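Residue numbers (our numbering): 1 to 141.
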């Protein structure tokens with residue numbers, strides 16, 4: 001069963017702490033949400049929780065940002081599975097660590113699930129002046 005957490009931006013570190021405590025050391029996290037939903041903000045909270053950096057930026061123009069050697073952040077807006085394959089970007093998921101994917105397609109997630117990768121899905125929705133984080137049951141251990 002999915003888990004729902006409603007939190008303000010000031011409480012986002014709570015989400016990052018919970019994820020760090022419950023997810024394996026090698027995982028691909030798919031973040032789903034509208035433009036400006038808070039996907040990159042959550043990634044920043046995760047990076048901070050791992051003691052890496054205080055500020056992350058969206059990898060919109062570079063497709064991938066690396067923070068340390070165990071946290072990878074992707075923006076795959078308009079990049080489908082075939083594009084990833086032709087670019088060789090799918091091979092990045094073999095690196096140990098957390099891979100956080102914004103705008104990943106269902107096709108990509110199904111491919112990675114079928115290939116045996118640990119995947120997690122988090123949907124971010126506006127909720128009053130807060131955000132609702134719907135953490136997929138595959139993320140909760």
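Note that CB positions come from ideal geometry on N, CA and C, so glycine has one too.
None of these values were measured; they are calculated from a predicted model.
| Item | Value |
| --- | --- |
| Name the DSSP beta bridge partners of residue 75, please? | 102 |
| Cα separation between residue 84 and residue 77? | 11 Å |
| Going by DSSP, what residues sit across from residue 3 in a beta bridge? | 135 |
| Looking at residue 4 and residue 109, is the spacing between their C-beta atoms short of 8 Å? | no |
| Nearest CA to the CA of residue 139: which residue from 15, 125 and 19? | 19 |
| Which class does residue 12 belong to by DSSP, given the choice of helix, strand or coil? | helix |
| Can the beta-carbon of residue 71 be found less than 8 Å from the beta-carbon of residue 36? | no |
| Rank 104, 80 and 116 by C-alpha distance to the C-alpha of residue 39 and give the top, closest one. | 104 |
| So, helix, strand or coil for residue 124, using DSSP? | strand |
| In terms of DSSP beta bridges, what is residue 64 paired with? | 74 |
| To the nearest whole angstrom, what separates the beta carbons of residue 14 and residue 21, a pair I think is in contact under 8 Å? | The pair is not a contact, with the Cβ atoms about 11 Å apart (cut-off 8 Å). |
| For the alpha helix (DSSP H) that contains residue 91, what are its first and last residues? | Run containing residue 91: none; DSSP gives neither H nor E here. |
| Kindly indicate which three-state DSSP category residue 53 falls into: helix, strand or coil? | coil |
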